[in-house]
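Numbering (UniProt numbering), first residue to last: 1 to 165. Note that the Cβ used here is the ideal one computed from N, Cα and C, for glycine as well.
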Amino acid sequence: MAASTLRRIRLGSQGLEVSAQGLGCMGMAACEASLKRLDVDCIDLYYQHRIDTRVPIEVSIGELKKLVEEGKIKYVGLSEASASTIRRAHAVHPITAVQLEWSLWSRDVEAEIVPTCRELGIGIVAYSPLGRGFLSAGSKLLENLSKDDFRKVFFLLINIIRCSL
1 MAASTLRRIR LGSQGLEVSA QGLGCMGMAA CEASLKRLDV DCIDLYYQHR
51 IDTRVPIEVS IGELKKLVEE GKIKYVGLSE ASASTIRRAH AVHPITAVQL
101 EWSLWSRDVE AEIVPTCREL GIGIVAYSPL GRGFLSAGSK LLENLSKDDF
151 RKVFFLLINI IRCSL
């Protein structure tokens with residue numbers, strides 16, 4: 001969803017705006033809707049997917065903590081968070097899992113994020129462990145992508161050829 005199409009609401013007299021990504025009231029409603037769609041009373045692991053930097057992480061995690069206290073979710077997870085954001089979030093409520101891109105060619109997370117998660121006892125859930133398809137398809141990947149596939153911007157033909165030699 002494009003940022004320009006996100007619905008926003010104003011909270012309180014300070015005029016704090018919270019987007020669907022920043023949780024708040026909209027996130028609470030999203031959780032309720034998920035519980036209903038899944039036909040369950042409690043969600044095992046609930047992620048804040050992406051971090052809305054316009055909303056302090058402490059506010060968002062505080063709202064997730066309320067969902068834990070209400071018994072609607074068991075554990076809190078973050079997606080695509082920096083090491084400092086993980087620490088700030090974990091100080092409000094224990095973070096159980098962090099989802100991030102981690103593969104043989106995307107290893108920058110090993111510098112700060114992985115050590116932070118190890119130190120705090122937070123599990124890591126890797127996405128795109130096969131390098132967005134490149135490590136499994138190699139040079140044939142570009143041939144098989146549709147013209148509007150977003151992954152095309154990640155792969156320059158010259159680099160694919162060099163890696164195939």
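inquiry  = Can you find the residues in the same chain that come closer than 7 angstroms, C-beta to C-beta, to V114, ignoring five residues on each side of it along the sequence?
reply    = I124
task = With distances taken Cα to Cα, identify the nearest neighbour of W102 among H93, S128 and H90.
result = S128
message = Going by DSSP in three states, V76 sits in which element: helix, strand or coil?
response = strand
message = Suppose you measure from the CA of E63 to the CA of I57; what does that come to, to the nearest Å?
response = 10 angstroms
ask   = Cα separation between Q21 and I61?
value = Note that Q21 has pLDDT 47, beneath the 50 cutoff, so the model's placement of it is unreliable and the number below is only indicative. Between Q21 and I61, the C-alpha separation is close to 12 angstroms.
ask   = Whose C-alpha, out of K74, L145 and T53, is nearest the C-alpha of D41?
value = K74
For K72 and C31, the rounded distance between their alpha carbons = 8 angstroms
ask   = If you draw a straight line from the C-alpha of V68 to the C-alpha of Q99, how long is it?
value = 19 angstroms
query = Name the DSSP bridge partner or partners of L67?
reply = For L67, which the question treats as bridged, DSSP gives no partner whatsoever.
request  = Locate the alpha helix (DSSP H) running through V125, then write down its first and last residues.
outcome  = Here V125 belongs to no alpha helix (DSSP H); instead the beta strand (DSSP E) covers G123 to Y127.
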